[in-house]
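Notes follow the structure.
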């Protein structure tokens, strides 16, 4: 299997993050970014589907820039129109024989939109760039794994696009075996004290908090947020990151909540755990699909989070390539296991 290319990742980020993008605050830029993604996926050999959606009244969040606390970002949206991009590789996986079931797919996804006023290089052109690099490498394999790539819309408005995507996926005849969400994965810092923790972390997430403390609060790792249902997926990605070049340290954080609606309700009551819902893996959890969030922890590390300074020159493309390589290796290993 090929390795991820840091130069291509940089090229994708620079193309996507030249300005803010979003259906409401920057629709033309969003349309151009979506077109760029679709062209890159098609060039890599994938079948691309644009999946538009309309929603009425919906509780979500504001996409205004700035590091507001999550409870202060809640907003009631009155009608939204957007579109996700889904990609499938023709001929991926072994075709089922008589009496056999269609093999489950692994969803790998990232959101395309940004907060207002931010070009969103880390949040989340970095995640989209990894998905495009995964597409390029998997598209060259003689027998590629069964993977569905998703580029989500309206994450910044409250995971609107990924909620729609889960509904669409569950209506197909293919089982979703797991999901990896790439959320702000390109900003790293080796400076002591550069990694911060949310309030209540030492109480609610003691093992992960202790690991960060032992590392001198350096923001030089990728955080893997998982639940019991997705521990195997998290372990597989962590091993792949350790084998990447450069080696990418990881910190595993197990969300103690159960999959399904009960876990979402607990997150509303316990803000420290609610932080673990802040990406497109959350709707998959809520539908009892094993999922992980891969992240460089956004505002807990990156001083440019949701600000105009989230530019392409702030990212570490060598380590971003390790994120992509680990994601590729995990996809192959996970699908071989299934």
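Numbering (this note's numbering), first residue to last: 1422 to 1759.
We put the beta carbon where it would ideally sit given N, CA and C, even for glycine.
All figures in this text were calculated on a predicted structure; none of them were measured in a lab.
Next on the checklist: For residue 1584, which residues in the same chain have their Cβ closer than 7 Å to its Cβ, ignoring the five residues on either side in sequence?
Outcome noted: 1704, listed in sequence order.
Checklist entry - How is residue 1576 classed by DSSP in three states: helix, strand or coil? => result The DSSP-derived three-state label of residue 1576 is helix.
Checklist entry - Contact check, residue 1647 vs residue 1669 under 8 Å by CB: the rounded distance? => result In fact, because the Cβ distance is near 17 Å, the residues do not count as touching under 8 Å.
Checklist entry - If you scan the segment 1433-1488 from start to end, which runs of the beta strand (DSSP E) of 3 or more residues do you find wholly inside it? => result Complete beta strand (DSSP E) runs here, min 3: 1468-1482.
Item to check | DSSP three-state assignment for residue 1732, whether helix, strand or coil | outcome: Residue 1732 falls in the coil class under three-state DSSP.
Checklist entry - Between residue 1689 and the rest of its own chain, which residues show a CB-CB distance below 7 Å, the 5 nearest in sequence each way excluded? => result These residues qualify, in order along the chain: 1695.
Item to check | For residue 1566, three-class secondary structure by DSSP | outcome: Of the three classes helix, strand and coil, the one that applies to residue 1566 here is coil, per DSSP.
Item to check | In DSSP terms, what residue 1610 is bridged to | outcome: Beta-bridge pairing links residue 1610 to 1640.
Item to check | Segment contact, 8 Å Cβ cut-off, at least three pairs: the segment 1463-1473 with the segment 1521-1532 | outcome: The segment 1463-1473 is not in contact with the segment 1521-1532.
Next on the checklist: Within a Cβ cutoff of 6 Å, which residues of the same chain sit near residue 1490, ignoring the five residues on either side of it in sequence?
Outcome noted: Confidence at residue 1490 is low in this model, with a pLDDT of 46, below 50, so its placement is unreliable and no value can be given for it.
Item to check | Three-state secondary structure assigned by DSSP to residue 1653 | outcome: DSSP, read as helix, strand or coil, puts residue 1653 in helix.
Item to check | Whole-angstrom C-beta distance between residue 1620 and residue 1693, which should lie under 8 Å | outcome: Rounded, the Cβ-Cβ distance is 6 Å, consistent with contact.
Item to check | Contact belief for residue 1766 with residue 1734 at Cβ below 8 Å, rounded distance in angstroms | outcome: Here the chain covers residues 1422 to 1759 and nothing more, so residue 1766 does not appear.
Item to check | Reduced DSSP category for residue 1700 - H, G, I as helix; E, B as strand; rest coil | outcome: Looking at residue 1700 - three-state DSSP - the assignment turns out to be coil, as it is neither helix nor strand.
Checklist entry - Just how far apart, CA to CA, sit residue 1566 and residue 1701? => result Using only the alpha carbons, I get a separation of about 22 Å.
Checklist entry - Roughly how far, in whole angstroms, is the beta-carbon of residue 1506 from the beta-carbon of residue 1557, given that I think they are within contact range, below 8 Å? => result The C-beta separation of residue 1506 from residue 1557 comes to about 16 Å, leaving the pair out of contact by the 8 Å criterion.
Next on the checklist: Pull the bridge partners of residue 1503 from the DSSP assignment, please.
Outcome noted: Paired residues: 1474.
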